[in-house]
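Top to bottom, those sequences are chains A and B.
Just so we're aligned, residue 41 is where the first sequence starts under our numbering, counting upward by one.
Just so we're aligned, residue 259 is where the second sequence starts under our numbering, counting upward by one.
Where is the CB? At the ideal position from N, CA and C, for every residue including glycine.
Note that the structure is a prediction, hence the values are computed from the model and not measured.
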Amino acid sequence: MPGDVSAFDLVLSGDPGLYAIVRLSLLVSLSAVLFAALIGVPAGALLALTRFRGREAVIVVLNAMMGLPPVVVGLAIFLLLSRSGPLGSWGLLFTPQAMVIAQTVLVAPIIAALTRQTIEDLWVEYREELAAMNIGPARRVATLVWDARFSLVTALLAGFGRAAAEVGAIIVVGGNIEGFTRTMTTAIALETSKGDLPLAIGLGIVLISIVILINALAWGARRAGERYAG
Amino acid sequence: MLNRRSLIAAVALGLAAIAPATAQEKSIVVSSTTSTQDSGLFGHILPLFKAKTGIEVKVLSQGTGQALDTGRRGDADVVFVHAKAQEEKFVADGFGVKRFPVMYNDFVLIGPKSDPAGIKGMKDVGAALKQIMAKQASFISRGDKSGTHSAELNLWKAAGIDIEKDKGAWYKSIGQGMGAALNTASAGNAYVLADRATWISFKNRGDLAIAVEGDKRLFNQYGVMLVNPAKHANVKKDYGQAFIDWLVSDEGQKAIASYKINGEQLFYTNAKDPSA
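Here you go:
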C-alpha cells in the first residue's frame, strides 16, 4: 500500500514537521488525561463511597457523559473562549491550552465513571474492614484509590484512548494551525480533505502505532508495579 | 503515600508543558479559506513574509462564511477570503477596517470523464448547469456558505434556475470543504464546482476532469481585511496591517504570482486594480 511507504518515508526522513505534530498530540492528550485524572479519580471514588438522594441519577448521567460528542464539547469550549465569549479575555482560543481544556472535559467523565465502578466493587469487598477502621470519607477514598491503583490504570488508558483518537473537539478549539495546533488527528482530517489519502492513512498508521506503544508502556509499568508491591 | 511528590512533579510538568509559548508574541491569526491553504500558497509565501518582518502568521483554514464569522467574533486579526459582496458587507457592518483586493483565479466545473450530462468543452457555464439539471446528473454542492458555495449559488441564479426549489435527488449538498466535495464527487462520479487552485493541487482525482472553464462568470477574486480594532481591542493591528501591506506590495504580489504547481500558476495578482 502506498500509504505505508509515504508514512514510512516521513518517519525515516526525520521530517521535523511530523515530529512536532506527534509531540503536540502526545502533549495535549497526556496533559488532558493528567488533569482529567486529578478531577475524575477523586470525584469517582467519592461517588462510589457516599450515599445521597439522587445518587443513582448522577451515576446514570456520569455514565452517559462517557459518550459526550466531541464536536459539541468543542463548540461549547469555543463559545466560552471566543473573544466574544465570557472567557474571551484569556486569549486561549486557537491555542494548545484550549485543546487541553476541551479534551479534559471529554476525558474526565470517562475516568470518573470507571473509577466509580472500580472503587465501588472494591468497597463491597472491604466494606466491613473499612467500617471497623472507623475512618472519615476522605481517608476512605484515599485508602481505596491507593488499593485500586493498578486497576485504575485501565481507566486512565481508556481516557487516553479517547483523547488521542478524537478530532472533533480539538479541530474546533485549536483551529488546526500548522506548526502550532496541528495534531495527528487534525493532520489526518486535513490530508483527507486535500485528497492525499495515502498520506492520511500513513499518518493514521503512525498514530495507531504510538497509541499501542503508550499502552504497552503503561502495561509494563503496571506489571512492574504489581510485582514491586507484591 | 509515596508518590505524592511524583504526582506534584507530574502536575508541574503538565502545567509547564501547556504554558503559553513565548515565541507567540510576534504573531497574528489569519482566518482564510481552504483554497489558499490547501493549494499550498501560504506554505509558499508565509516563510518569505516571516523572513522579512519576523511576524509569524497562524492560518485558520475555513470556508469564507466561517472565516468571516471568526473575524466578526474577534478571534482572528486578519480575514483573507473570496466573496466580494460578503467582504464589503463585513466592512460596511464595521467588522473590518478596509478591504484590499489581492489576487484572483477562477472556478472550474469538474465532472467525470464519461460526461453523463454532455457538457464537456462548453463555454457557457449557465447552459452547462441547465443541462446538468435537465439530465439529472449528480452534482455535489459545498453547502457550507463558503466562497465557492456562494459562487455556485450565483451561477445557478444567473442560469435562471432557482436551485432551492428545483433541486432533486441529483443535487447533493454535503456541507463540507472543497477537498471533501472533490473526494465525494470523485467517489460518486458527480459534477462539482471547484476553485482552480484546489483542483490543481488535489490528489485524489479518480475519474474527474475539467468539464467547463474560461467563462468570465467563473472569475474568483480574493480580498483581505484587517479586523476592526475598534470592535475588538485584542486585534494586533500593527502586525495585521503589516501583513496586508506586504500582500499588496510589489514584493508580496511577486511572491504570490511566482507560486506554481507543475509549472502552472495558481493565483494572478491584481492589488492595483481598484475595481477588483
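Residue pairing by DSSP leaves Asp161 (chain A) without any beta bridge partner. Interface residue (Cβ-Cβ distance to chain B less than 8 angstroms): Gly235 (chain A) is classified as such.
Per DSSP, Ile248 (chain A) is one residue of the alpha helix (DSSP H) stretching across 237-269. Residue-level contact check: Leu133 (chain A) touches chain B, since one or more beta carbons of chain B fall below 8 angstroms from its beta carbon. Chain A places a beta carbon closer than 8 angstroms to that of Phe460 (chain B), counting this residue as a contact. Residues Val288, Ser290, Gln295, Phe300 of the same chain have their beta carbon placed closer than 7 angstroms to that of Val317 (chain B), with the five preceding and five following residues left out of the count. In this structure, the alpha-carbon of Leu197 (chain A) lies about 8 angstroms from that of Ala258 (chain A).
DSSP, reduced to helix, strand and coil, places Met361 (chain B) within a strand of the structure shown. By the criterion of a C-beta distance shorter than 6 angstroms, Ala240 (chain A) is surrounded in its chain by Ile228, Glu231, Thr232, once the five residues flanking it on both sides are discounted. Around the beta carbon of Phe92 (chain A), fewer than 16 other beta carbons lie within 10 angstroms, which makes this residue exposed.
Under a criterion of Cβ atoms nearer than 8 angstroms, no residue of chain B is adjacent to Ser69 (chain A); the nearest Cβ is some 11 angstroms distant. Relative to the Cα of Gly472 (chain B), the nearest Cα in the group B:Ile421, B:Phe365, B:Val355 belongs to B:Phe365. Against chain A, a Cβ distance below 9 angstroms from Lys316 (chain B) picks out Phe134, Gly215, Ile217, Glu218, Gly219, Phe220, Thr221.
Here Pro109 (chain A) is exposed, its C-beta having fewer than 16 other C-beta atoms within 10 Å. Close partners of Gly435 (chain B) in chain A (Cβ separation under 8 angstroms): Ser233.
Within the model, the alpha-carbon separation for Glu345 (chain B) versus Val360 (chain B) is close to 13 angstroms. For Leu440 (chain B), the residues of chain A that pass the 7 angstroms Cβ criterion are Gly235, in the order they occur in the chain. In the DSSP assignment, Val81 (chain A) falls within the unbroken alpha helix (DSSP H) covering 56-89. Per DSSP, the unbroken beta strand (DSSP E) holding Asn478 (chain B) starts and ends at 477-485. Contact between Leu87 (chain A) and Ile99 (chain A) holds, since their C-beta atoms are separated by about 7 angstroms, short of 8 angstroms. Straight across, the Cα-Cα distance linking Gln499 (chain B) with Ala83 (chain A) is about 49 angstroms.
Between Asn462 (chain B) and Leu132 (chain A), the gap from beta carbon to beta carbon reaches 8 angstroms or more.
Of all residues in the region 111-126 of chain A, those with a C-beta nearer than 7 angstroms to a C-beta of chain B are Ser122, Arg123, Ser124, reading in chain order. Contact between Val355 (chain B) and Leu524 (chain B) does not hold, since their C-beta atoms are separated by about 27 angstroms, which reaches or exceeds 8 angstroms. Ile419 (chain B) places its beta carbon 8 angstroms or farther from that of Lys393 (chain B). Listed along the chain, the chain A residues whose CB falls inside 8 angstroms of the CB of His340 (chain B) amount to none; the nearest CB is some 17 angstroms away. In the DSSP assignment, Lys347 (chain B) falls within the unbroken alpha helix (DSSP H) covering 342-350.
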